[in-house]
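Just so we're aligned: the sequence shown equals residues 3 to 182 in our numbering.
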Amino acid sequence: MGDDFPKWWRAAVTFAVMSEDQTPNLGLHWYLFTTMFDQFRLFYVVALNAIPLALSAPLTLGFADDPLVAMTLCLIAISTCAPYPTANDFVTYVSLLSVVAMDDRGNPLVYVKYGAVIAGGFLYVALLSPLTWYMWIHTRVANANFYYAITLVYACTQTLLSTQVARSVARFRRAGKKRD
């Protein structure tokens, strides 16, 4: 990278960590940073970036014998707390969930409840986020609160998915130990 390394580092790493761009997206950070006082910004930047790190350690330890499940749950947590989530984040952990379901011992996701609610939540976000964006930015008949409500639905749906996957895998393990 030569002389361009500092420029690259600022554009790739510092930009994402510091949440400098306040453009509305499906991340939870933009609304918080546009409505709070500047003196609290550093605290919230550190806190919001520490949440996925703090969640990764217990998930990794709790699912140490199932590293693919641990990695999938960590990716869901990272995507939920990301300042700029992308479709790539969603596609990555959803595709890994299909691999988790193909376990040799059976499908550990067999105990997932609320699958229709989770699928409906993601469909709701996929349909309404571009609509509320258009209504807010172009036609000016909506405001930031409508769009942020969609980001909250997205975060809640991801949280529900991760708790259901963790619960299902744990229940599948207990059922397997009872059979043995």
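Idealized CB from N, CA, C, for every residue including glycine. Small disclaimer: the values here were computed from a predicted structure and weren't measured.
C-alpha gap between residue i and residue j, whole angstroms
i	j	result
I139	D67	48 Å
Y46	D106	43 Å
A79	M73	10 Å
W11	A18	10 Å
G123	F148	16 Å
R173	Q41	45 Å
R142	M104	47 Å
L44	A56	18 Å
L133	D5	43 Å
P8	Y150	33 Å
V101	G108	12 Å
V96	A59	21 Å
Y33	L154	11 Å
L61	G117	22 Å
A89	A13	20 Å
Given residue i as reference, the closest of the options once Cα atoms are compared
i	options	result
P110	Y33, L30, V171, E22	V171
R176	Y86, L70, Y113, L162	Y113
Y156	N145, L129, K180	L129
L98	P69, N145, A84	P69
P85	F35, A59, L125	F35
V15	Y33, P26, N51	N51
I119	F39, P60, Q160, G64	A small correction: the amino acid at residue 119 is Val; Ile does not occupy that position in the sequence shown. Ranking F39, P60, Q160, G64 by Cα distance to V119 puts Q160 first.
Y126	G108, P8, P87, C158	C158
Y136	P26, K9, F7, A13	P26
L162	S131, K115, A146	K115
A49	V93, K180, C83, L61	C83
With 16 other Cβ atoms within 10 Å as the buried cut-off, status of residue i
i	result
C76	buried
Q24	exposed
G29	buried
S21	buried
S164	buried
P87	buried
L63	exposed
F39	exposed
V167	buried
V93	exposed
**Request:** Report the residue ranges of all alpha helix (DSSP H) runs contained in full by the region 89 to 134; include only those spanning at least 4 residues, in chain order.
**Result:** 89 to 102
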